[in-house]
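Trainee: Remember, my numbering sits 3 above the position in the sequence shown when you count from 1. Virtual Cβ for every residue (Gly too), placed ideally from N, Cα, C. Treat the numbers as computed from the prediction; the structure is a model and nothing was measured. This structure is in structure tokens; I'll ask about it shortly.
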Amino acid sequence: MAYRALYRKYRPENFENLVGQDHIVKTLQNAVKNNKVAHAYIFSGPRGTGKTSTAKLLAKAVNCTCQDHKPCNECENCKSINNNSHPDIIEIDAASNNGVDEIRELIDKVKYAPILGKYKVYIIDEVHMMTPGAFNALLKTLEEPPEHVIFILATTDVHKVLPTILSRCQRFDFSKISEDVIKHRIIDILNLENITYEENVPSLIAELADGGMRDALSILDQVVSYAANNITLNHIYDIYGMMSSQDMVEYLLLLAESKTKDVLNMIETYIGKGIDVKRLTYDLMVCLKDAIVYRSTSDETILERLNATQAKQILNYYSTDKALKVTEILNDAKNNYKLSTNYRLFFELASLKIIETLSNNPTIFQENVNNIVMENKNNIAQNNNVENEITSVKIVQEEPKEVIIDNKVNVTQEKPKTENIQPNVEEKTNNTSKYDNPEDSEVISYTMDEYINILIQGDKKFKESLIAKWKEIRNYIDDINTRYVAQLIADATVGVANKDFMMLVFDFKMLANKAKQKNNLLLIRKFIKEIWNYDLEIYVVERSTFIDLTKKFFELKQANKLPTPKEIPHVSVSNEKNVVVSESETLDDATIELGRDLFGKDLKIE
């Protein structure tokens with residue numbers, strides 16, 4: 004015999020086995036017992052909550068020939084309904100039979116008497132998918148059907164059903180099934196199937212099911228196929244891309260200790276394993292909620308994800324106020340996931356924001372922060388590239404705070420006194436410049452005509468060469484110095500380019516607007532120049548805008564009305580830090596950045 008999925012194998016065969024909908028069960032049992040069954044019902048509610056199962060149970064109950072217990076599952080009618088072979092029980096999928104013609108055919112057959120049972124029962128699933136015309140065709144028959152006909156309409160979107168239909172039916176609203184009820188049902192089935200399991204496996208499956216019994220049994224089916232007859236929590240973590248409770252606790256402790264590098268490494272490791280970032284964000288919020296609850300109650304039995312030991316670990320580092328602040332940051336990240344497919348970017352930004360938020364307050368983590376600072380100082384001092392940059396220039400401090408840096412001076416000349424100067428602990432430790440998230444600035448956009456002028460000056464071969472290189476951008480995401488700018492443009496595509504400019508196309512408006520900010524445009528330009536030695540003016544458009552540009556370009560080309568190429572617009576570089584660089588002797592960006600970090604914004608370079 005072919006394998007039957009667990010949700011089909013353990014579909015309720017009587018009202019007593021239908022869980023989570025006690026008020027509906029009692030109402031229908033009384034209606035059958037007192038012979039007060041309505042001519043039309045509508046069952047609404049989330050998926051997997053028992054709507055179709057209840058409809059079949061009601062169909063069995065009204066056709067059962069047993070006098071004492073309905074349905075009995077022993078009479079011929081009950082058996083044939085269980086086998087899906089009863090001629091008087093007609094199931095219709097309204098998603099594929101939603102037209103007027105199908106409903107008229109149904110109405111023509113309604114008048115015929117039942118063959119075996121007392122009632123003909125029409126179960127119409129996903130009834131909200133029916134067209135308005137089909138609903139209208141059904142109205143009269145639904146209001147006054149023959150005495151031997153019962154209609155049961157099932158839907159997950161009852162608000163899409165016409166009010167005139169709803170008014171002709173008894174309505175039952177199915178609610179999500181509680182996790183506790185699902186958990187006990189899972190335990191019963193595991194015992195019936197002779198499957199061993201870790202203690203918290205049923206609870207986790209119930210949580211993942213989100214109130215749907217069918218979903219819970221489908222999850223269990225998948226886990227059993229993966230783990231055979233001994234299910235552990237790690238099996239579920241592997242299948243559904245989840246982080247274990249202890250790993251989440253360790254992650255929260257790393258955040259509290261301001262161990263930025265370890266946090267980013269942990270994110271990298273789990274994303275490599277296929278972790279579900281959206282799920283992880285939610286689970287971290289649950290862990291923090293558990294910790295707050297445990298602080299107030301000391302009751303381990305009401306914790307969702309943690310045990311008492313894990314809750315205490317978190318409470319050693321998080322006050323209630325801090326836990327709530329971190330939860331707010333994570334919730335903001337979760338909301339941002341709706342705006343982009345690059346979940347990792349928002350999760351990493353949220354993690355960095357959490358570290359900053361926690362470290363800004365005097366806490367027990369200050370010693371760890373100081374250790375990180377000293378470690379970074381040592382890394383800077385030991386890096387040969389940075390040392391070579393420092394010793395290859397002469398820095399002289401003069402009044403009023405002006406510095407002259409001369410590349411040609413002999414390195415044996417006396418170095419400036421820097422006793423009171425503290426090096427920047429975030430200074431780069433390799434040859435790549437540091438690209439921090441700049442302050443918000445004006446958004447740079449152009450007219451359609453200006454964009455067309457840019458478009459007509461594109462060089463296809465140069466564009467293709469950039470596209471071929473573009474995947475290299477992702478290599479810079481793992482570098483803390485370049486992560487911001489690399490993540491900003493990694494998912495963009497090159498729309499048009501030549502040796503003087505590049506137009507980046509973004510799928511999402513939010514990211515496009517971020518990249519369009521003047522400071523970000525200059526940052527992207529600097530980054531491209533550093534990694535590929537192309538000094539390109541950067542333009543940013545949304546995908547929809549680029550499509551409109553392309554259409555207009557081809558319309559103009561077909562009509563031989565393409566404009567004569569003009570000078571492309573440029574983003575002016577403001578002299579915000581009073582920096583002057585001579586044309587004859589231009590210092591490399593790393594040296595300039597070093598000078599700014601050492602001597603502040605009033606810097607003159609000659």
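Pull up the CB-CB distance for residue 161 and residue 47, whole angstroms please, since I reckon it's below 8 Å.
Mentor: Residue mapping note: residue 161 aligns to position 158 of the sequence shown, counting from 1. Residue mapping note: residue 47 aligns to position 44 of the sequence shown, counting from 1. Rounded, the Cβ-Cβ distance is 4 Å, consistent with contact.
Trainee: Any idea what DSSP makes of residue 21, helix, strand or coil?
Mentor: Position 18 of the sequence shown, counting from 1, holds the residue named residue 21. Looking at residue 21 - three-state DSSP - the assignment turns out to be coil, as it is neither helix nor strand.
Trainee: Return the CA-CA distance between residue 208 and residue 244, expressed in angstroms with no decimal places.
Mentor: Taking the sequence shown and counting its residues from 1, the one referred to as residue 208 is at position 205. Taking the sequence shown and counting its residues from 1, the one referred to as residue 244 is at position 241. Taking the straight line joining both Cα atoms gives about 14 Å.
Trainee: Considering only C-alpha positions, which residue in the set 67, 149, 98, 138 is nearest to residue 85?
Mentor: The sequence position of residue 85 within the sequence shown is 82, counting from 1. Residue 85 has its Cα closest to that of 67, out of 67, 149, 98, 138.
Trainee: Determine the direct distance from the alpha carbon of residue 213 to that of residue 143, and round the result to whole angstroms.
Mentor: Translated into the one-based positions of the sequence shown, residue 143 becomes position 140. Translated into the one-based positions of the sequence shown, residue 213 becomes position 210. Those two C-alpha atoms are separated by around 38 Å.
Trainee: Nearest-angstrom Cα distance between residue 126 and residue 216?
Mentor: Looking up residue 126 in the sequence shown gives position 123. Looking up residue 216 in the sequence shown gives position 213. Each residue's Cα considered, the two are about 20 Å apart.
Trainee: So, residue 509 versus residue 500, is the Cβ gap smaller than 8 Å?
Mentor: Reading the sequence shown from its first residue, position 506 is the one you call residue 509. Reading the sequence shown from its first residue, position 497 is the one you call residue 500. Contact flag unset, no.
Trainee: Using only alpha-carbon positions, find the residue among 79, 112, 132, 115 that is nearest to residue 100.
Mentor: Locating residue 100 in the sequence shown gives position 97, counting from the first residue. Minimum Cα distance to residue 100 is reached at 132.
Trainee: When burial is assigned at 16 or more other CB atoms within 10 Å of the CB, is residue 467 buried or exposed?
Mentor: If you number the sequence shown from 1, residue 467 lands on position 464. Exposed: under 16 other Cβ atoms inside 10 Å.
Trainee: Please state if the CB of residue 291 and the CB of residue 330 are separated by a distance shorter than 8 Å.
Mentor: Looking up residue 330 in the sequence shown gives position 327. Looking up residue 291 in the sequence shown gives position 288. Closer than 8 Å, so yes.
Trainee: Within this structure, are the beta carbons of residue 513 and residue 544 separated by less than 8 Å?
Mentor: Your numbering for residue 513 matches position 510 in the sequence shown. Your numbering for residue 544 matches position 541 in the sequence shown. Not in contact: residue 513 and residue 544 (Cβ atoms no closer than 8 Å).
Trainee: Roughly how many angstroms lie between the CA atoms of residue 336 and residue 444, to the nearest whole one?
Mentor: The sequence position of residue 336 within the sequence shown is 333, counting from 1. The sequence position of residue 444 within the sequence shown is 441, counting from 1. One C-alpha to the other measures close to 22 Å.
Trainee: Inspect the beta-carbon positions of residue 436 and residue 478 and report whether they are closer than 8 Å.
Mentor: Counted from its first residue, the sequence shown places residue 436 at position 433. Counted from its first residue, the sequence shown places residue 478 at position 475. Going by C-beta atoms, residue 436 is not nearer than 8 Å to residue 478.
Trainee: Skipping 5 residues on each side, what residues in its chain have a beta carbon closer than 8 Å to that of residue 12?
Mentor: Working through the sequence shown from its first residue, we reach residue 12 at position 9. There are no such residues.
Trainee: Output yes or no for whether 8 Å exceeds the beta carbon distance between residue 60 and residue 15.
Mentor: For the purposes of this step, residue 60 is taken as the residue at position 57 of the sequence shown. For the purposes of this step, residue 15 is taken as the residue at position 12 of the sequence shown. Yes.
Trainee: Could you round the C-beta distance between residue 626 and residue 240 to whole angstroms and report it? I think they count as a contact, below 8 Å.
Mentor: Because the chain in this structure spans residues 4 to 609, residue 626 falls outside the shown range and cannot be described.
Trainee: Using only alpha-carbon positions, find the residue among 185, 318, 78, 281 that is nearest to residue 299.
Mentor: The sequence position of residue 299 within the sequence shown is 296, counting from 1. The shortest Cα separation from residue 299 among 185, 318, 78, 281 belongs to 318.
Trainee: In chain order, what residues of the same chain have a beta carbon less than 6 Å from the beta carbon of residue 498, not counting five sequence neighbours either side?
Mentor: Stepping through the sequence shown from its first residue, residue 498 is reached at position 495. If we look at residue 498 and ignore the five residues flanking it on each side, its Cβ neighbours are 506, 508, 549.
Trainee: Alpha carbon to alpha carbon, how far is residue 104 from residue 451? Give it in angstroms, no decimals.
Mentor: Working through the sequence shown from its first residue, we reach residue 451 at position 448. Working through the sequence shown from its first residue, we reach residue 104 at position 101. Between residue 451 and residue 104, the C-alpha separation is close to 50 Å.
Trainee: Going by DSSP in three states, residue 181 sits in which element: helix, strand or coil?
Mentor: Position 178 of the sequence shown, counted from the start, is the residue given in the question as residue 181. Looking at residue 181 - three-state DSSP - the assignment turns out to be coil, as it is neither helix nor strand.
Trainee: So who's on the other strand from residue 501, going by DSSP bridges?
Mentor: Mapped onto the sequence shown, residue 501 falls at position 498. Residue 501 pairs with 504.
Trainee: Going along the chain, which residues of its own chain have a beta-carbon closer than 6 Å to the beta-carbon of residue 199, five neighbours each way excluded?
Mentor: Position 196 of the sequence shown, counted from the start, is the residue given in the question as residue 199. So the list reads 233, once near-sequence residues are dropped.
Trainee: Exposed or buried, which one is residue 96 when buried takes at least 16 other CB atoms within 10 Å?
Mentor: Stepping through the sequence shown from its first residue, residue 96 is reached at position 93. Label assigned to residue 96: exposed.
Trainee: Go ahead and pull the three-state DSSP assignment for residue 541.
Mentor: The residue labelled residue 541 in the question sits at position 538 within the sequence shown. Strand.
Trainee: What's the gap between the Cα of residue 287 and the Cα of residue 249?
Mentor: Looking up residue 287 in the sequence shown gives position 284. Looking up residue 249 in the sequence shown gives position 246. One C-alpha to the other measures close to 11 Å.
Trainee: Given residue 274, which residues of its chain have a CB within under 8 Å of its CB, disregarding the five upstream and five downstream residues?
Mentor: The residue you call residue 274 lines up with position 271 of the sequence shown. For residue 274, where only same-chain residues beyond five positions count, the Cβ hits under 8 Å are 280, 347.
Trainee: For the pair the segment 33-48 and the segment 167-181, tell me if three or more CB-CB distances fall below 8 Å.
Mentor: As far as the Cβ criterion goes, the segment 33-48 touches the segment 167-181, which means the pair count is three or higher.
Trainee: Closest to residue 356 by CA distance: which of 129, 464, 267, 461 is it?
Mentor: Here residue 356 is taken as the residue at index 353 of the sequence shown, counted from 1. Of 129, 464, 267, 461, the residue nearest in Cα terms is 267.
Trainee: Kindly list the residues whose CB is nearer than 7 Å to the CB of residue 74, restricted to its own chain and excluding five residues on each side of it in sequence; keep chain order.
Mentor: For this step, residue 74 is matched to residue 71 along the sequence shown. 17, 60, 63, 64, 67, 81, listed in sequence order.
Trainee: On the DSSP bridge assignment, give the partners of residue 29 in chain order.
Mentor: For this step, residue 29 is matched to residue 26 along the sequence shown. DSSP lists no partner for residue 29.
Trainee: Note down the Cα distance separating residue 446 from residue 192, rounded to an integer number of angstroms.
Mentor: In the sequence shown, residue 446 corresponds to position 443, counting from 1. In the sequence shown, residue 192 corresponds to position 189, counting from 1. Between residue 446 and residue 192, the C-alpha separation is close to 59 Å.
Trainee: Could you check the C-alpha separation between residue 2 and residue 210 for me, to the nearest Å?
Mentor: Limits of the chain in this structure are 4 at one end and 609 at the other, which puts residue 2 out of reach.
Trainee: Among 220, 146, 204, 195, which residue has its Cα nearest to the Cα of residue 50?
Mentor: The residue given as residue 50 occupies position 47 in the sequence shown. Cα-wise, what sits closest to residue 50 is 220.
Trainee: Between the alpha carbons of residue 426 and residue 556, how many angstroms are there, rounded?
Mentor: Locating residue 426 in the sequence shown gives position 423, where the first residue counts as 1. Locating residue 556 in the sequence shown gives position 553, where the first residue counts as 1. Per-residue confidence for residue 426 stands at a pLDDT of 36, beneath the threshold of 50, marking its modelled position as unreliable; no derived number is given.
Trainee: Suppose contacts are defined by Cβ-Cβ distances below 8 Å. Is residue 23 in contact with residue 52 by that definition?
Mentor: Position 20 of the sequence shown, counting from 1, holds the residue named residue 23. Position 49 of the sequence shown, counting from 1, holds the residue named residue 52. Cβ distance < 8 Å, so residue 23 and residue 52 count as in contact.
Trainee: Have a look at 461, 294, 535, 541 and flag the residue whose alpha-carbon is nearest the alpha-carbon of residue 522.
Mentor: In the sequence shown, counting from the first residue as 1, residue 522 sits at position 519. With distances taken between Cα atoms, residue 522 lies closest to 541.
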